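Keeping their order, the protein sequence lines are chains F and Z.
Quick note: the first sequence uses the numbering used here, first residue 172, plus one each step.
Quick note: the second sequence uses the numbering used here, first residue 2, plus one each step.
For each residue, glycine too, the CB sits at the ideal point set by N, CA and C.
In this text, all values refer to a predicted model and were calculated from it rather than measured experimentally.
A short write-up of the structure that comes next.
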Amino acid sequence: MNRIPYPLTDELAAFFPLLAKLVAALEAGAEDRLYAFAMLEDLDQFQSHVSQTEASSMTTDRGLVLRILAGHRNFEFATNHFDEAFLLQEAAALKAEALAYLDAQNHPPVYTPHGWDDEPLADFAAPVREQILAAGHGARPDAGTPVHFGTAYDPSISESLSKAESAQRSRDLKEAIAKQGGDQLASAGCMLRRKVKSRLFADRTRVMSQSLFSSLYYLYAITPSGKTIRDIVGGMAGAEAGASIDDALIAKLVETAGKLEKAERIQPGRYRIITGPDVTGVIAHEAFGHTQEGDTCRLGRSCAPGLRKKGTRVGNEQASIINNAGVFSMGTTPWGVNGTHFFDDEGFMARPQTILDQGTLSSPMNDLMASLTGDINGPAPRQSNGKRESWQRPLMPRQTNTYFTAGDKTLAELAELCGEGYVAEHAHGGMEDPKGMGLTAGTEYLEEVKNGQRTGKLFLGPQGGHIELSDPVPRLLESIMAKSVISEEDPMNETGSEPINKWGGCGKYHKEGVEAGCGGPWILWDGMNCG
Amino acid sequence: MDQNLFIEKVTGQLAALVDAGTLTGWSLKATTSRSLQRLYSSPDGALLSCHQSRKVDGTAYKLSVYSPTDSAERVGTALIDLTTYQPVDRQLAAAVDLSKCSHNKAWKLAGPAATAPDAVETCDPEIRDHPATVVQSIENQFTTAFAETAGCHLNSAELFVNYHVSRQINSEGLAYETELSELYLEAAMEKAGQENDKEVHEHTTSVTLNDLNVKGFLEACALQVSVLGDSQEPETTDRATILIDKEALSQMLDALLEQLNCTNEYLKLPFLQPGDRFGGGSGDPLELRLDPTIPCMVLSSAYAADGLPAQGGTLIESNEVKDRVIGNRFGHYLGLEPNGLSGNLVVKAGSLTREALRGLDYVEVIKFSSLLIDARKLTWSSEIKLGRHVAADGSITLVKGGVVSGNLKENFTDCRLSATLGSVNVPKSSYAPPLGYRGPDAMLITRGVSIAGQTQGAS
């Protein structure tokens with residue numbers, strides 16, 4: 172497989188001079204009082220959804236955000252009108268507003284951005300580091316040199332860039348599910364989405380861009396009583412991301428649908444549970460994922476700063492969670508998922524952060540503002556977590572890819588250790604209460620484990636719906652009994668890969684949807700409330 | 002480019018494509034949006050301190066095109082975003098190409114009504130014309146109202162003042178404009194003067210400034226703060242009685258509404274049709290209707306989504322399905338007459354009063370952590386973020402955690418709906434479609450609910 176970085180189009184690259192001009196207009200004569208950047212977002216997405224009807228769509232969205240950080244307040248103007256005179260006028264208005272605010276402050280702090288020379292290249296994932304050095308012809312680039320980052324894809328697969336072929340693939344997959352299911356299914360479908368999400372960033376220290384090319388295959392089967400079974404395959408790649416969809420995967424999807432249609436219901440209660448990477452990831456995201464978001468911490472809305480200050484451990488030695496936007500390979504898969512980026516929406520480079528280390532909390536996942544203001548433990552390092560739903564929405568510290576670290580067991584060994592319990596493999600949402608440390612993670616169904624073996628027998632919730640797994644976070648993180656290796660084909664992780672992350676999204680409490688991967692190994696938990 | 006000029010250019014080229022037989026039809030929606038957004042901290046626990054101040058200004062164009070296929074019974078379809086920075090002819094050519102990727106059964110687009118429907122009030126002119134004044138007014142109201150609460154420490158707040166105006170036109174001559182104003186106010190607060198492991202995090206939304214009721218919102222938040230204290234997990238049971246509020250009830254009915262739409266029948270998803278029964282028993286009967294004419298609610302509109310004149314009407318009467326939503330496209334597919342039914346969910350009051358709860362053992366769910374409702378199975382499940390267990394003798398225990406799950410068909414059997422009415426007005430977001438509801442502000446569910454929590458008698 173010959174994979175190359177996704178390029179920046181000439182049409183987008185032509186925006187760099189405008190961005191530089193806008194940054195100059197925002198800062199001119201006030202560089203010692205405020206800091207500004209300009210960010211252009213561009214979304215180019217194709218989607219084909221085939222079920223009882225067919226739908227093809229192209230989503231194009233481009234917007235510009237002008238930002239001034241003045242003291243401890245962010246001022247932003249965002250638009251999708253690109254007339255230069257209009258933008259310069261709005262930049263002047265934004266600057267005047269920020270300066271008026273500063274004039275009313277006593278000794279407001281001033282932020283000075285770091286340049287390429289200050290970047291800790293050794294901490295960056297190889298694709299990040301390599302593309303920085305490539306732009307600088309082997310050295311660190313200077314402030315005016317455009318640096319482009321692209322996720323790798325295989326250009327030899329024509330489906331990757333062909334809408335017609337992608338639509339046909341979507342149709343074929345839907346037909347294959349329907350054929351396999353026959354009369355036992357009411358409906359079947361496939362949604363295929365191909366997306367290029369680009370960002371152009373300019374401030375006084377750098378001009379850079381990134382193009383994140385991703386593919387998503389969402390397959391589903393629906394039984395006559397409305398039970399829906401889905402499989403989500405995708406990643407930061409072209410059509411190669413869908414290569415693993417074969418007859419066996421479709422047969423398994425349909426077989427599961429048949430089993431669920433007749434599934435028994437569990438009794439509400441506590442059970443020993445083995446979570447697959449999908450559900451493991453939701454728990455990672457919720458358990459000290461949201462609790463470790465910088466704004467939640469600094470606004471007094473999280474228990475984490477207090478626990479950290481007291482040195483309280485909140486999990487056992489197996490409870491280690493990482494947040495990392497720089498996931499470019501997972502297990503034996505040579506690409507990441509949709510939480511991956513090279514830099515965040517404030518232009519800060521991706522790097523891993525251990526947010527929970529064997530039950531001990533680190534500093535939070537900070538955006539620029541949270542890193543400056545800090546929480547009750549004081550200011551803390553900035554991370555690559557400044558994200559927004561789109562140019563139309565505010566920026567907040569958000570998670571990228573959040574995952575548990577791996578262990579040393581095989582899945583069969585975990586089942587043996589489990590004895591009697593259930594496997595929760597397919598996630599169905601989740602939520603956390605950062606102040607109260609409550610956590611809930613949904614799973615579509617449970618598979619029985621009996622006498623240390625998976626039986627293949629499936630169970631639904633007490634009322635016939637999905638099942639929520641819930642516990643207070645510290646209790647949950649103390650109950651980890653064992654974790655699996657990243658890949659049983661590479662038990663010693665000689666490839667140095669990250670654990671499997673799954674395609675996901677996150678709404679902060681109930682809004683501001685962003686992309687967020689999450690994952691980890693298979694984990695055996697001693698007990699969870701299931702209902 | 003000026004919006005009118007752009008639309009004129011686009012529609013001119015679309016008409017030419019129809020004349021040439023390249024397209025059989027099209028529809029275009031142009032939306033201009035303006036938003037002022039404020040995120041606040043509160044270093045002193047009482048006053049608002051803005052840390053993010055945003056102004057957003059945007060325009061979006063959504064174009065659907067329909068192209069001929071080899072069969073008159075089938076049509077090619079595509080939906081694209083048009084942009085003003087790319088050549089129109091190139092974008093339309095791409096749309097035509099894309100429509101060849103999706104073939105569907107043909108249907109006729111809605112045309113103009115013989116009589117234009119009556120206008121419906123969906124916008125506060127103050128929000129449209131003076132959004133900065135509205136921001137200032139809400140900030141002032143917030144500060145005053147928060148100062149009147151007792152024992153509360155403010156952690157954060159958010160305010161969004163939004164305005165959208167949309168113009169819809171299609172190849173059949175349909176042309177109309179709709180406006181919508183939206184306010185979103187959020188507050189997170191906790192007990193003052195102590196270390197807390199619970200906070201109250203609530204939001205309120207409205208179409209008009211008057212309906213936002215900042216003072217009432219903060220009083221309700223403060224009331225929740227006042228009951229915060231030590232809590233325990235609810236007890237495990239397979240037969241729970243629970244009391245839910247209007248937000249949860251409206252979400253459950255919104256899920257039910259999906260099965261009352263003929264689209265489900267065509268898509269081979271579970272559906273309800275006239276004559277079917279939903280719930281019942283000896284409790285309060287369910288009387289559900291849609292109303293698109295209530296002024297200043299998010300689902301009020303003179304037009305249904307497909308361009309038909311919006312109509313109100315009864316869907317369920319005494320737990321029996323009387324009618325269902327029949328849209329233009331899927332009604333045509335199924336051979337049913339489109340009825341334009343749309344709008345806000347309206348439910349008749351029941352008989353439940355606070356007095357009627359005396360002597361009952363139940364869990365009042367003040368807030369679900371994340372209420373996930375499956376509109377196909379009509380089941381739901383959530384952790385309890387905050388609740389109260391009320392014993393038969395009237396003693397109250399704060400509960401938190403555990404999992405409560407239910408089955409709507411059972412839940413609406415032998416249930417009691419409150420005698421008092423309330424409204425829910427949730428604008429559209431990327432997270433959820435809009436939801437407008439006017440009906441009982443509480444529901445007592447006695448069937449089809451399980452709770453997983455602590456074992457009875459255990460601490």
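### Task
Following the continuous alpha helix (DSSP H) through Leu181 of chain Z, name the residue where it begins and the one where it ends.
Element bounds for Leu181 of chain Z: not the alpha helix (DSSP H) but the beta strand (DSSP E), 176-192.
### Query
Does the beta-carbon of Thr708 of chain F have 16 or more other beta-carbons within 10 angstroms, so that it is buried, or is it exposed?
The requested residue 708 of chain F is not part of the displayed model; chain F covers only 172 to 702.
### Message
Quick check on Cys297 of chain Z: does DSSP put it in helix, strand or coil?
### Response
Cys297 of chain Z: coil per DSSP, three-state reduction.
#### Entry: Close Cβ partners of Ser228 of chain F (< 7 Å) along its chain, the five nearest in sequence each way excluded
Gln218.
### Alpha carbon of Ala541 of chain F to alpha carbon of Gln53 of chain Z, nearest angstrom
Taking the Cα positions, Ala541 of chain F is about 12 Å away from Gln53 of chain Z.
### Message
Relative to the C-alpha of Ser1 of chain Z, which candidate in Z:Gly174, Z:Ser182, Z:Glu159, Z:Leu155 has its C-alpha closest?
### Response
Examination of residue 1 of chain Z is not possible in this model, given that chain Z is present from 2 through 460 alone.
### Task
Quick one: residues in its chain with C-beta nearer than 8 Å to the C-beta of Pro633 of chain F, no 5 flanking neighbours on either side, listed in chain order?
Correct list, in chain order: Arg436, Ile437, Gln438, Pro439, Gly702.
### C-beta neighbour in chain Z for Asp538 of chain F, strict 8 Å
No - not a single Cβ of chain Z is within 8 Å of the one on Asp538 of chain F.
### Query
So, Gly690 of chain F versus Pro312 of chain F, is the Cβ gap smaller than 8 Å?
No, the pair does not count as a contact, with Cβ atoms beyond the cut-off.
### Task
Consider the Cβ of Cys361 of chain F: report whether some Cβ of chain Z lies at a distance smaller than 8 Å.
Chain Z, which has no Cβ nearer than 8 Å to the Cβ of Cys361 of chain F, makes this no.
### Task
With DSSP as the reference, label Thr150 of chain Z as helix, strand or coil.
In this structure, Thr150 of chain Z counts as coil in the three-state DSSP scheme.
#### Entry: 8 Å Cβ shell around Glu74 of chain Z - same chain, five flanking residues per side excluded
Counting only Cβ-Cβ distances below 8 Å, and skipping sequence neighbours, we find Lys106, Ala107.
### Task
Indicate whether Ser555 of chain F and Asp528 of chain F have their beta-carbon atoms separated by less than 8 Å.
Going by C-beta atoms, Ser555 of chain F is not nearer than 8 Å to Asp528 of chain F.
### Message
I need the straight-line Cα distance from Val425 of chain Z to Val348 of chain Z, nearest angstrom please.
### Response
Cα to Cα, Val425 of chain Z sits roughly 12 Å from Val348 of chain Z.
### Message
Let me see if you follow: with CB-CB separation under 8 Å, is Met210 of chain F close to chain B or not?
### Response
Included in the structure are the protein chains F and Z, with no chain B among them.
### Task
Provide the residue span of the alpha helix (DSSP H) that contains Arg365 of chain F, from first to last.
DSSP places Arg365 of chain F outside any alpha helix (DSSP H); the residue lies instead in the beta strand (DSSP E), whose first and last residues are 358-373.
### Query
Do Val226 of chain Z and Met190 of chain Z have their C-beta atoms within less than 8 Å of each other?
Contact check for Val226 of chain Z against Met190 of chain Z passes: the beta carbons are separated by less than 8 Å.
### Buried versus exposed, by CB contacts within 10 Å (16 or more), Gly502 of chain F
By the 10 Å Cβ count, Gly502 of chain F comes out buried.
### Task
With 7 Å as the limit, tell me which residues of the stretch 46-68 of chain Z have their beta carbon closer than that to any beta carbon of chain F; keep them in chain order.
Against chain F - using a Cβ distance shorter than 7 Å - the residues of the stretch 46-68 of chain Z are Cys51, His52, Gln53, Ser54, Arg55, Lys56, Val57, Asp58, Gly59, Thr60.
#### Entry: Burial state of His278 of chain F (16 or more Cβ within 10 Å)
Per the 10 Å Cβ criterion, exposed.
### Task
Answer yes if the stretch 329-343 of chain Z comes into contact with the stretch 401-416 of chain Z, meaning at least three C-beta pairs across the two stretches below 8 Å, and no otherwise.
Contact between the stretch 401-416 of chain Z and the stretch 329-343 of chain Z is absent, because fewer than three Cβ pairs lie under 8 Å.
### Message
So, with DSSP's three-state summary, where would you put Lys463 of chain Z?
### Response
It is not possible to answer for residue 463 of chain Z, since the shown part of chain Z is limited to 2 through 460.
### Query
What is the C-beta distance between Pro605 of chain F and His512 of chain F, in whole angstroms, given that I count them as a contact (C-beta under 8 Å)?
Pro605 of chain F to His512 of chain F, Cβ: 23 Å. No contact.
### Message
If you measure between the beta carbons of Val644 of chain F and Val450 of chain F, is that distance less than 8 Å?
### Response
In this structure, Val450 of chain F does not lie closer than 8 Å to Val644 of chain F by Cβ.
### Query
Applying a beta-carbon distance threshold of less than 7 Å, which residues of chain Z neighbour Leu470 of chain F?
Those are Ser42, Asn156, Ser157, listed as they occur along chain Z.
### Task
Out of F:Ile416, F:Ser491, F:Ala314, state which residue places its alpha-carbon closest to the alpha-carbon of Thr531 of chain F.
Minimum Cα distance to Thr531 of chain F is reached at F:Ser491.
### Task
Report buried or exposed for Gln570 of chain F, applying the criterion of at least 16 other Cβ atoms within 10 angstroms of its Cβ.
Buried is the call here.
### Query
Counting pairs of beta carbons, one from the stretch 660-673 of chain F and one from the stretch 464-475 of chain F, are three or more of them closer than 8 Å?
Taking 8 Å as the limit for Cβ pairs, the verdict is that the stretch 464-475 of chain F does not touch the stretch 660-673 of chain F.
### Query
Using a C-beta cutoff of 8 Å, does Leu373 of chain Z count as contacting chain F?
Yes, because at least one Cβ of chain F sits closer than 8 Å to the Cβ of Leu373 of chain Z.
### Task
Just confirm the distance between the C-beta atoms of Ser100 of chain Z and Ser68 of chain Z, as a whole number of angstroms; I'd bet it's less than 8 Å.
Ser100 of chain Z to Ser68 of chain Z, Cβ: 4 Å. Contact.
### Closest Cα partner of Thr525 of chain F within the set F:Ala551, F:Asn494, F:Phe499, F:Gly549
Sorting F:Ala551, F:Asn494, F:Phe499, F:Gly549 by C-alpha distance to the C-alpha of Thr525 of chain F places F:Asn494 at the top.
### Message
Just to check my reading of the structure: Gly454 of chain Z and Asn700 of chain F have Cβ atoms closer than 8 Å, yes? What is that Cβ distance to the nearest angstrom?
### Response
The beta carbons of Gly454 of chain Z and Asn700 of chain F sit about 6 Å from each other, so the pair counts as a contact at 8 Å.
### Message
I want to see whether chain Z comes within less than 8 Å of Gln634 of chain F, judged by CB atoms only; does it?
### Response
Yes - at least one Cβ of chain Z is within 8 Å of the one on Gln634 of chain F.
#### Entry: Beta carbon proximity, Cys222 of chain Z to chain F, threshold 8 Å
Judged by the 8 Å Cβ criterion, Cys222 of chain Z is not in contact with chain F.
### Task
Compare the Cα-Cα distances from Leu379 of chain Z to each of Z:Thr421, Z:Asn265, Z:Asp292, Z:Lys410 and report the closest residue.
Among Z:Thr421, Z:Asn265, Z:Asp292, Z:Lys410, the Cα nearest to that of Leu379 of chain Z belongs to Z:Lys410.
### Query
Is the beta carbon of Trp506 of chain F less than 8 Å from the beta carbon of Ala408 of chain F?
Yes.
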